[in-house]
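Trainee: Pasting in a structure now, in structure tokens, and then I'll have a few things to ask.
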Amino acid sequence: MLEARDLTISYNDRVAVSNVTLSLEAGEITALVGPNGAGKSTLLRSLNGQVARTSGEALLDGQPIEKYNRRTIGRRVAVVAQEAELRFPVTVLEFVLGGRFAWGPNSGWGWETETDLRVAAEVLAETELMELSGRLMNELSGGERQRAVLARALATEASFLLLDEPTANLDLSHQATLLALVRNRCDKRQASALVVTHDLNLAAQFADRILLMRDGKVVRLGKPEEVLTPQLLNEVFGVEVLVDAHPISGAPRVTPIRRN
Amino acid sequence: MTAALSNPIALRHNRVTLRKTVVSCALLALALLLAVILLSLVGSEQLPVGSSLCALLSLGTTPCGLSQDQFDILFQIRLPRILLAAAVGGSLATAGASYQALLRNPLAEPYLLGISNGAAVGTMVALVFFGANEWSRPVLAFAGSLLATFAVYRLARGRAGATPERLILAGVIVTTFLSSAIVFVTTLMDATRIRSFTFWLLGDLSGTSKTLLPVTISIAVIGAIALTLNARSLNLLMLGERDAFDLGVEVGRVRIVVFVVASLLVGSSVAASGSVGYVGLVVPHLARLSLGSDNRISIPAAALGGAVFVIVADTIARTIIAPRELPVGAITALIGAPLFIYLLKRG
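Protein sequence lines, in the order shown, are assigned to chains F and Y.
Its first residue numbered 1, the first sequence is counted upward by one per residue in the numbering used here.
Its first residue numbered 1, the second sequence is counted upward by one per residue in the numbering used here.
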């Protein structure tokens with residue numbers, strides 16, 4: 001179980017996250033939405049111990065996250081972020097095997113085991129990158145590269161996936177593919193995912209729950225139809241929106257109303 | 001998903017394995033051994049080849065018909081110099097490869113970042129103030145390179161992290177600053193020593209110290225092993241500090257280990273031979289080009305390759321205008337500078 005309890009994070013008097021309580025349930029995808037600067041990424045980063053808490057608690061299996069060493073956290077919590085620019089030629093396979101580091105010996109030295117290779121083969125097949133495994137990361141398209149980043153996170157076999165705007169810069173089909181892979185992992189392995197996104201409609205489609213944040217505070221946490229209401233969205237984003245039901249899925253659909 | 005495609009065996013070809021590493025390093029070690037033996041026969045004084053080889057292979061226990069003078073040239077002058085060249089080359093190339101991975105920058109190099117200059121200032125301070133004590137040189141050189149390393153690292157870190165260009169600029173600033181410190185210390189020396197110091201600053205392997213040679217070699221070997229043991233962490237750091245952290249790397253610990261060990265390698269090399277530039281750029285680049293970016297293979301390969309590279313460069317330096325000598329740094333820069341421009345242009 002990965003959870004935040006009354007979590008507050010502040011940097012030099014500026015409160016980035018304020019009294020947030022959230023737990024990631026097995027098999028569930030939680031979308032984290034809100035305006036820029038709402039504290040979404042800070043909250044996400046605090047859940048893998050990268051951002052230190054000011055008060056409250058970030059708990060992994062009931063223990064404060066900072067009590068664990070990095071290797072243990074690396075096996076339990078995986079992060080997918082906008083990847084940094086690669087300055088060295090690395091093959092897709094080498095990149096994905098990076099996800100197995102935390103399973104290696106404590107010294108940090110060693111070679112990948114048969115298990116590591118088997119897991120890498122599984123996630124490469126899952127993300128349809130097997131045929132590209134010998135290619136260099138720099139040679140891939142943006143969509144393929146982001147799939148490789150997800151493949152690396154899946155290769156950690158972590159039960160908690162933290163995704164920080166994983167679909168930004170991706171086209172419609174790659175967005176759908178990526179989120180389907182996350183959904184699949186949550187369904188089949190009872191993993192849980194926290195996804196920071198700006199795309200409210202995408203959040204409504206794939207998420208079981210949505211956490212709406214503003215100024216570091218939780219505005220509402222609930223099912224998509226409970227959170228994505230015209231009143232709340234107007235209040236948080238300052239934009240008038242129309243919310244209707246998606247004709248096929250029935251999920252809420254958000255459209256900004258043009259003001260004349 | 002077909003069975004063939006998900007077969008892990010099929011993946012083996014796309015990565016560096018223990019076997020590939022051992023084979024490559026064994027070949028490079030053989031090349032190093034050959035370089036040590038064969039290039040010790042080359043020099044302004046012609047030595048009989050057969051007798052010299054015999055004496056070398058007997059590890060100096062029998063003269064094999066060499067005259068006392070010839071024997072001394074081989075064992076007191078050439079061999080120590082070649083072993084020093086190997087230690088310096090190995091140290092600088094290993095340090096370069098590790099800085100590059102840690103700083104995520106293919107252009108990072110001890111000489112270009114001003115770290116060698118830091119060690120040079122330390123060495124000169126030792127010579128001026130503790131001239132009698134040989135041990136003060138590597139110790140102060142280490143302190144100097146460590147300080148320079150942290151200075152460059154702090155200067156290069158902007159809000160958006162360190163870009164390659166920013167790091168090189170930080171290196172230029174540190175280099176310039178330390179150069180003026182070197183000029184200042186030089187003025188404290190007497191005129192007769194200044195010339196030999198200028199030569200030494202450009203990288204000079206002729207002044208082998210009997211006491212320090214085993215130390216320089218030991219540091220090179222231990223340092224290369226210590227950095228190789230962190231190679232898997234460096235593989236992830238090469239992709240980004242945050243990614244490495246997320247994937248389980250103790251980033252802070254690895255950074256300290258690399259900074260300290262690499263500074264030790266640079267410090268001991270500079271104390272022994274001045275600033276031999278570009279070795280840390282040329283050799284790791286060639287290692288990655290031929291063997292891939294995995295540091296588990298590129299760091300030990302760079303260590304062995306660097307040793308060969310500097311032995312060859314120094315052989316050129318001491319023979320091309322014999323009986324006079326060039327500083328070995330002039331030869332390595334001649335090879336390294338064009339490569340640097342190429343890498344910079346390629347981006």
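Beta carbons: idealized from backbone N, C-alpha and C, even for Gly.
Since the structure is predicted, the reported quantities are computational estimates derived from the model, not experimental observations.
May I have the straight-line CA-CA distance separating L59 (chain F) from R76 (chain F), to the nearest angstrom?
Mentor: Taking the straight line joining both Cα atoms gives about 12 Å.
Trainee: Between the Cα of S133 (chain F) and those of F:N19, F:F95, F:L178, spot the shortest distance and give me the residue it belongs to.
Mentor: F:F95
Trainee: Is any beta-carbon of chain F found at less than 9 Å from that of S24 (chain Y)?
Mentor: no
Trainee: Rounded to whole angstroms, what is the Cα-Cα separation between Q175 (chain F) and P166 (chain F)?
Mentor: 8 Å
Trainee: Report the residues of the stretch 96 to 116 of chain F with a CB closer than 8 Å to any CB of chain Y, ordered along the chain.
Mentor: Of all residues in the stretch 96 to 116 of chain F, the ones placed with a Cβ closer than 8 Å to any Cβ belonging to chain Y are L97, G98, G99, F101, A102, G104, S107, G108, W109, G110, W111, E112, E114, in chain order.
Trainee: Name the chain Y residues that come within less than 7 Å of N48 (chain F), Cβ to Cβ?
Mentor: D246
Trainee: Could you name the residues of chain F that G280 (chain Y) contacts, counting a contact when the two beta carbons are closer than 9 Å?
Mentor: Near G280 (chain Y) there are no residues of chain F at all, since even the closest Cβ is about 15 Å away, more than 9 Å.
Trainee: Spatial neighbours of H285 (chain Y) within its chain, please: C-beta separation below 8 Å, excluding the five flanking residues on both sides.
Mentor: P106, L339, L343
Trainee: Closest Cβ-Cβ distance between A148 (chain Y) and chain F: below 9 Å?
Mentor: no
Trainee: Mind checking who F351 (chain Y) pairs with in its DSSP beta bridge?
Mentor: Nothing in the structure corresponds to residue 351 (chain Y), since chain Y is present only between 1 and 347.
Trainee: Per the DSSP calculation, K217 (chain F) is bridged to which residue(s)?
Mentor: F:R214
Trainee: Do we get a CB-CB distance below 9 Å when we pair L5 (chain Y) with the residues of chain F?
Mentor: In this predicted model, L5 (chain Y) has a pLDDT of only 48, less than 50, meaning its place in the structure is not dependable; the value taken from the coordinates is given anyway. Using beta-carbon distances, L5 (chain Y) counts as an interface residue toward chain F, with a partner under 9 Å.
Trainee: If you measure between the beta carbons of S44 (chain Y) and S52 (chain Y), is that distance less than 9 Å?
Mentor: no
Trainee: Is R253 (chain F) helix, strand or coil when you go by DSSP?
Mentor: strand
Trainee: Return yes when the Cβ of V152 (chain Y) is within less than 9 Å of the Cβ of I194 (chain Y), no when it is not.
Mentor: no
Trainee: How is the alpha helix (DSSP H) around F199 (chain Y) delimited, first residue to last?
Mentor: 191 to 201
Trainee: Compare the beta carbon distance of L227 (chain Y) and S273 (chain Y) with 9 Å and say whether it is the shorter of the two.
Mentor: no
Trainee: When you compare the stretch 212 to 225 of chain F with the stretch 39 to 51 of chain F, are there three or more beta-carbon pairs, one atom per stretch, that lie closer than 8 Å?
Mentor: yes
Trainee: Please list the terminal residues of the continuous beta strand (DSSP E) segment that includes A245 (chain F).
Mentor: 241 to 245
Trainee: Quick one: what's got a C-beta closer than 8 Å to L167 (chain Y)'s C-beta in the same chain, skipping five residues either side?
Mentor: L103, N105, L107, A108, L113, V152, A156
Trainee: Considering E57 (chain F), what are the terminal residues of the beta strand (DSSP E) in which it resides?
Mentor: 55 to 60
Trainee: Nearest by alpha-carbon distance to G74 (chain F): which of Y:V249, Y:L32, Y:A31 is it?
Mentor: Y:V249
Trainee: Return no unless some Cβ of chain F is closer than 9 Å to the Cβ of A287 (chain Y).
Mentor: no
Trainee: Out of curiosity, what's the CA-to-CA distance linking A26 (chain F) and L154 (chain F)?
Mentor: 16 Å
Trainee: Answer with buried or exposed for T30 (chain F), where buried requires no fewer than 16 other C-beta atoms within 10 angstroms of its C-beta.
Mentor: buried
Trainee: If you check the beta carbons only, do G203 (chain Y) and V36 (chain Y) fall under 9 Å apart?
Mentor: No. Outside cutoff.
Trainee: What is the DSSP secondary structure of L97 (chain F), counted as helix, strand or coil?
Mentor: helix
Trainee: Name the two residues that bound the continuous beta strand (DSSP E) containing R5 (chain F).
Mentor: 2 to 11
Trainee: Rounded to whole angstroms, how far is the Cβ of D294 (chain Y) from the Cβ of N235 (chain Y), which I believe are closer than 8 Å?
Mentor: 6 Å
Trainee: With DSSP as the reference, please indicate the residues paired to R14 (chain F) in a beta bridge.
Mentor: Paired residue(s): F:Y11.
Trainee: With DSSP run on the structure shown, which of helix, strand or coil describes F340 (chain Y)?
Mentor: Helix.
Trainee: Counting only beta-carbon separations shorter than 9 Å, does E109 (chain Y) have a partner in chain F?
Mentor: With 9 Å as the cut-off, E109 (chain Y) does not count as an interface residue toward chain F.
Trainee: Among the candidates Y:L178, Y:I256, Y:V185, whose CA atom is the shortest distance from the CA of L127 (chain Y)?
Mentor: Y:V185
Trainee: Answer yes or no: do L178 (chain F) and L150 (chain F) have a C-beta to C-beta separation smaller than 9 Å?
Mentor: The Cβ-Cβ distance between L178 (chain F) and L150 (chain F) falls below 9 Å.
Trainee: Tell me where the beta strand (DSSP E) around S192 (chain F) begins and ends.
Mentor: 192 to 196
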